[in-house]
Structure formats: C-alpha cells, structure tokens
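Take a look at the structure set out below.
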Amino acid sequence: MAYQKTQWKDHIEGVQVGTPVNAVNMNKIEEGIAAALPASAISSGIGTNGTWWIKLPGGIIICTGAQTWTNVAITDGGSGIYRSQILYFDAFPRPFAAAPHCIIGIQVGESNPYWIAPSDYGATATKPQGCRLFSIKSMTLATVTISYIAIGLSS
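Taking our numbering, the leading residue of the sequence shown gets 6, the next gets one more, and so forth.
In structure tokens, the structure reads:
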C-alpha cells in the first residue's frame, strides 16, 4: 500500500486544532521511511526517559523526547516580567555533529497566560535548547512538560 501523507496543521486557539505529535503519527512517519529505504540503511533505538532516535542514510538523525518538571516557579524578573528558571533537557538519545534544528512544544497543567522562549544558551550537539516560561503574574506551575523533535547530522 502506498504511503499516505499526513496534512499537518498548526494549532491555532479558537480557529483550528493542530495535528497531534503522538505515537500514531510518529509511527506512521517511521513506517513510511522504513518502507521507502532498504532495511540496512536505517537504524533506530530507544534512549532513556522515553526518547527515541532514527538514523537515516547520509548520516541524518531524528531524535524526539519529552521532559516534565514539577513545581515550576514563575517569579518577578524585574520590570514586571515574570519568568521561570531555565528548564534544561537531559541529553539527546544520540549525539549530533553540531547543534540540530529543534521543534519544541509545551504542555502546562494550568490555564494561565504564559509563553515560552528559548534561553540564551542554544542547543548543542548533545543537548536540546533550554527554555524559560514567562507570564504576566507570579505563579507556581504544578507540572510543565516540554517535548522536542531534533533533526541534524550524526557525529
């Protein structure tokens, strides 16, 4: 059976529901890649904390993972801007030759106004970009889960 592409959509609050990045869609990508290439050209594995990776021909690696923090305090950082400490991920399940391109998503347990921004320290060959949460008020978030997909060249 021919591969059926997924029409990916951005999530826009009140306008449209985005395409979920979940096991069904990620497995579909993996199955499509596996069907398109000889089995000997692809390797994959599972890292710690639910991370996984796929290595494609030409040395391209795709890694994904998520990490959850608890009791994340957002406090006054000056000038009425409230921010959390930098939330750093554990290591990628496989190292890259250089900092890869990353897509980062966030899930927070409470529905307050907040946004995410990358830290001043970018991704490295072994670790995803750190992030900070910002808000218009002080709060402590019970849970924050940040997920990533990273694509780059293997080391």
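The beta-carbon is built from N, C-alpha and C at its ideal position, and this holds for glycine as well.
Within the same chain, Cβ atoms closer than 6 Å to the Cβ of Pro100 are found at Ala130, Thr131, Ser160, the five residues on either side in sequence being excluded. Judged by DSSP in its simplified three-state form, Pro25 adopts coil rather than helix or strand. By the Cβ rule, the segment 101-115 does not count as touching the segment 30-42, because fewer than three pairs are nearer than 8 Å.
In the three-state reduction of the DSSP assignment, Gly37 falls in the helix class, which pools H, G and I. The bridge partners DSSP lists for Ala78 are Thr145. Between Ile156 and His106 a beta carbon distance of about 5 Å is seen, short of the 8 Å cut, so the two are scored as contacting. DSSP places Pro123 within a strand segment (E or B) once states are collapsed to three. Secondary structure note for Lys10: it is in no beta strand (DSSP E), with a DSSP letter that is neither H nor E. With 16 or more other Cβ atoms inside 10 Å of its own Cβ, Thr69 counts as buried.
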